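Note sheet for the following structure.
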Amino acid sequence: MLNTDNNRHLINILQLDLLNWFKTAKRNLPFRQTKDPYSIWISEIMAQQTQIDTLIPYYNRFIDRFPDVISLAAASEDDVIKAWEGLGYYSRARNLHQAAKMIVADSNGIFPNRFDQLIKLPGIGPYTGGAIASIAFNEKVSAVDGNVLRVISRYCNSFDDIGAAKTKKSMTQWIESILPAAAGDFNEALMELGALVCTPQSPKCLLCPIRCGCQSFSSGTTDQIPVKKKKQKQITKKMEVGIVKQNGGLFFIRRPESGLLSGMWSFPIAETAAGNGNDIKKKLGDYFPALSDPVFIGESRHVFSHIIWEMTVYGFNLAGMVGETADIPYAQTAADVSEDQTGRTQFKPLSAVDDLALPIAFSKLLTLIKDF
DNA sequence: AATCCGTGGGC
DNA sequence: TGCCCAAGGAT
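Residues in the first sequence are numbered from 1 upward in steps of one, following full-length UniProt numbering.
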């Protein structure tokens with residue numbers, strides 16, 4: 001980082017010119033129409049590892065559906081997860097709901113207004129706590145996200161690894177040492193510059209309001225910064241998906257409460273080596289006494305942050321099932337469903353699948369199976 | 001410190 | 001294709 005005593009003029013550019021630029025260049029975003037901490041909170045949780053353009057329709061729907069912390073706390077977890085469907089990183093929604101209940105129980109719905117209180121809530125870490133505290137309450141704390149790490153690294157011509165905890169810590173302290181009174185605006189301005197101008201690839205340096213102070217621009221090193229380790233690429237897993245149909249209803253299983261897509265609804269799915277449909281048939285045997293042989297339906301590929309599923313989809317028909325009718329939930333008819341799966345399965349007709357919180361990995365199979 | 005945790009967009 | 005990245009947090 002730059003020595004702030006010997007570089008007063010560079011610090012002035014960073015503070016004043018950036019804030020002036022932000023006044024006119026900032027985007028007109030829905031969560032910039034308010035200082036309501038609840039709304040800021042929702043937007044910041046949604047913004048974690050998610051581009052702003054992606055989250056805007058989710059934000060508008062979520063605020064409409066759950067306008068305040070009381071209504072969010074009173075909602076069912078299924079309803080909250082459903083509102084999050086498609087956004088990914090679903091533990092964010094669970095933590096949001098949990099935190100809302102804590103705020104109502106602990107302080108009668110009054111939103112915590114200090115950084116050190118905010119970061120005690122589930123889902124709120126150093127970045128989000130700093131963002132809410134500075135934007136909603138103008139507390140003098142920094143909010144260091146990926147944009148800020150990139151912008152400041154370039155401005156100071158720093159080759160420190162931005163993935164290292166040590167770098168994040170020193171960056172946070174450095175920013176707080178130069179933080180102007182308008183802390184919230186300054187934090188937002190750094191992020192906005194990173195999103196619109198000081199982008200990861202092909203930064204628009206000729207349009208940059210603080211170019212004349214930027215130490216990587218004058219050194220010609222902007223494209224080498226920030227320094228970060230490569231992510232390791234995803235592991236590919238071969239999967240079999242089972243589509244079981246009973247009187248027009250499709251069979252769904254709720255996923256376990258931890259791990260990938262936890263708590264979300266899914267089609268039965270199993271990892272496989274052979275890929276002939278028998279692995280998923282074996283798993284379905286835990287639920288159904290008799291099944292037809294697998295019928296090949298199609299293939300699909302889904303890329304997660306750390307896993308790739310190569311899915312082959314098979315259809316099954318029920319045979320010889322006790323009490324097989326359209327109206328009886330399956331759990332009531334299966335004698336051999338294990339205890340922990342009770343109430344975690346159901347049949348839904350294609351027309352009512354929208355009731356379930358279904359991850360994209362499965363919802364994109366719906367067109368594939370519509371004729372099964 | 002290194003992993004796990006989704007999805008969509010850019011090139 | 002593939003590879004990078006995005007207003008990170010929890011463990």
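Beta carbons are placed, not taken as given, at the ideal position from N, Cα and C, and that holds for glycine.
From a predicted model like this one, the values you see are computed outputs, not experimental measurements.
Suppose contacts are defined by Cβ-Cβ distances below 8 angstroms. Is residue i in contact with residue j by that definition?
| i | j | result |
| --- | --- | --- |
| L10 | L2 | yes |
| G184 | S107 | no |
| K35 | A73 | no |
| residue 378 | G129 | No information on residue 378 is available, as it lies outside the stretch 1 to 372 that the chain covers here. |
| K245 | D161 | no |
| L121 | A99 | yes |
| I52 | L16 | no |
| K237 | E271 | yes |
| K281 | F251 | no |
| L291 | L318 | yes |
| I297 | I369 | yes |
| S177 | T4 | yes |
| G263 | I56 | no |
| A136 | P289 | no |
| E240 | D279 | yes |
With residue i and residue j assumed to form a contact (beta carbons below 8 angstroms), what rounded beta-carbon distance in angstroms separates them?
| i | j | result |
| --- | --- | --- |
| R344 | I269 | 14 angstroms between Cβ atoms; not a contact. |
| Y314 | G242 | 6 angstroms |
| G213 | V151 | Actually they do not touch by this definition, with Cβ atoms about 12 angstroms apart. |
| N187 | A143 | 4 angstroms |
| I132 | W41 | 6 angstroms |
| G277 | P294 | 3 angstroms |
| I45 | L96 | 6 angstroms |
| Y59 | L261 | Not really, about 22 angstroms apart at Cβ, beyond 8 angstroms. |
For residue i, which residues in the same chain have their Cβ closer than 8 angstroms to its Cβ, ignoring the five residues on either side in sequence?
| i | result |
| --- | --- |
| S39 | F31 and I63 |
| I225 | R150, S153, R154, N157, S158, F159 and S216 |
| E299 | E310, M311, T312 and V313 |
| T325 | At T325 the pLDDT is 39, less than 50, meaning the model places this residue with poor confidence; the figure from the coordinates comes in the next sentence. Closer than 8 angstroms at the Cβ level, and outside the excluded window around T325, lie N247. |
| D78 | A357 |
| A182 | L19 and N138 |
Got a sec? Which residues, its chain only, sit under 6 angstroms from residue i by beta carbon, not counting five neighbours each side?
| i | result |
| --- | --- |
| L356 | W265 |
| W21 | P209 |
| G259 | none |
| A335 | The predicted position of A335 is uncertain, since its pLDDT is 38 and thus under 50; a value taken from the coordinates is nonetheless stated next. Cβ within range, chain order: n/a, list empty. |
| H306 | Q234 |
| S202 | none |
| T172 | S142 and V144 |
| I124 | L118 |
| I175 | S142 |
| H302 | W309 and A361 |
For residue i, which residues from the same chain have a beta carbon less than 7 angstroms from its beta carbon, with the 5 sequence-adjacent residues on both sides left out?
| i | result |
| --- | --- |
| V104 | V69, I70 and A73 |
| M127 | First, the amino acid is wrong: residue 127 is Tyr here, not Met. Same-chain partners within the cutoff: A143, V144 and D145. |
| N147 | L190, M191, G194 and A195 |
| C198 | R150, V151, R154 and C208 |
| T221 | N157 |
| L179 | K140, S142 and F186 |
Confirm the yes/no value for this check: CB of residue i, any heavy atom of the ligand GDP, distance under 7 angstroms.
| i | result |
| --- | --- |
| Q234 | Here there are no bound small molecules, and the ligand GDP is not part of this structure. |
Inter-stretch contact at 8 angstroms, needing at least 3 Cβ pairs: the segment 355–367 / the segment 80–92: Touching, yes.
Uninterrupted alpha helix (DSSP H) stretches inside the UniProt domain "HhH-GPD" (46–196) (no shorter than 4 residues): Under the rule that a run must span 4 or more residues, the alpha helix (DSSP H) segments found entirely inside the UniProt domain "HhH-GPD" (46–196) read 52–65, 69–74, 77–84, 91–107, 115–118, 126–137, 146–155, 165–178 and 183–196.
Unbroken stretches of the beta strand (DSSP E), 3 residues or longer, contained in the segment 240–312: Fully enclosed beta strand (DSSP E) runs of 3 or longer: 249–254, 269–271 and 295–303.
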